[in-house]
Amino acid sequence: MEKRPVKILIVDDDEVYRDVLRDAIAEEDTELSLAASGEEAVALLERSRFDILITDLNMPGIDGLTLLKRARQLYPDILALIITGYGSLESAVEAIRSGAYDYIQKPFRIDEVAVSTRNAIDRVRMLRERLALLQELEKAYLRLQALENEARKAGRNEENGDDAAEGAASSGFTGRSSMLLVSGQPLPLNALEGPKDPMAQVLTDLERLKELRRERIVDDAEFERLKRHILRQVDEIR
1 MEKRPVKILI
11 VDDDEVYRDV
21 LRDAIAEEDT
31 ELSLAASGEE
41 AVALLERSRF
51 DILITDLNMP
61 GIDGLTLLKR
71 ARQLYPDILA
81 LIITGYGSLE
91 SAVEAIRSGA
101 YDYIQKPFRI
111 DEVAVSTRNA
121 IDRVRMLRER
131 LALLQELEKA
141 YLRLQALENE
151 ARKAGRNEEN
161 GDDAAEGAAS
171 SGFTGRSSML
181 LVSGQPLPLN
191 ALEGPKDPMA
201 QVLTDLERLK
211 ELRRERIVDD
221 AEFERLKRHI
231 LRQVDEIR
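Per the UniProt record's numbering, the sequence shown runs over residues 1 to 238.
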């Protein structure tokens, strides 16, 4: 999987703070851009996508909250860190309500900014990995769906029907059983009984696995292990 740099936009009308922020958060696999005003930041956002926005709250013209709202209109999943020299509960609440990921008050400590930014960077990378896994699973689903259609056209459904239970059991899923074991915990699957055709069973298992992951019943490691096990059946069926 290609590791793209995390793009960060730093916005502050004070050059000293801009430079301090840049030096505090610069690290490998990040790409930093600086803006001296909300207007300049909007122009940059409209030209290029950013993963993280770090902006001063109080600036002339387009202030931090207005900038945050505009950024989220363009990129709903952007993470924003709001920084202000006029900290108050009201402004903090308003920033969070507007979608800020974190809120830091001036004068800030360098390590405080670094930790907050590091958390945001880690979250961006985690979300990217999750999206990539879901896209990979979706591609596998479409590929298996195409194989199932080919099998149906060739009249293989009846021939392979007896193998359905074996294929389902080897993946950890079974349409004949009312339980599924994940991390040693039994889960009822009475309402999820699947077809007996082996290829259709694989598709059903993948759909179940996606749902279990979406509901956080299985973690990322379990998801990957079970997915690999299910996809191995494709070669056996073919």
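Where is the CB? At the ideal position from N, CA and C, for every residue including glycine.
Beta carbon of R22 nearer than 8 Å to that of L9:
Within the sequence shown, residue 22 is the residue found at index 22, counting from 1. Within the sequence shown, residue 9 is the residue found at index 9, counting from 1. Contact flag unset, no.
Residues near R213 by beta carbon distance below 7 Å, same chain, minus five either side:
Here residue 213 refers to the residue found at position 213 of the sequence shown. Same-chain partners within the cutoff: F223.
Given Q185, which residues of its chain have a CB within under 8 Å of its CB, disregarding the five upstream and five downstream residues?
On the sequence shown, position 185 is the one that residue 185 refers to. Model confidence at Q185 stands at a pLDDT of 41, short of 50, so the residue's coordinates are unreliable; what they give is reported in the following sentence. Cβ neighbours of Q185 beyond the five flanking positions: none.
Within 10 angstroms of the Cβ of L180, are there 16 or more other Cβ atoms? Answer buried if so, exposed if not.
Indexing the sequence shown from 1 puts residue 180 at position 180. Bear in mind that a pLDDT of 43 at L180, under 50, signals an unreliable position, so the model cannot answer this.
Quick check: what's the CA-CA separation for residue 242 versus A140?
As displayed, the chain neither begins before 1 nor continues past 238, which places residue 242 out of reach and without an answer.
Any contact between the region 106-118 and the region 130-138? By contact I mean 3 or more CB pairs, one from each, below 8 Å.
no
Should A100 and I82 be called a contact, given that it needs their Cβ atoms to be closer than 8 Å?
Taking the sequence shown and counting its residues from 1, the one referred to as residue 100 is at position 100. Taking the sequence shown and counting its residues from 1, the one referred to as residue 82 is at position 82. Closer than 8 Å, so yes.
What's the C-alpha gap between D219 and R4?
Counted from its first residue, the sequence shown places residue 219 at position 219. Counted from its first residue, the sequence shown places residue 4 at position 4. Near 24 Å, if we compare the C-alpha coordinates of R4 and D219.
Would you call A80 buried or exposed, if buried means 16 or more other Cβ atoms sit within 10 Å of its Cβ?
If you number the sequence shown from 1, residue 80 lands on position 80. The residue is buried, with at least 16 neighbouring Cβ atoms inside 10 Å.
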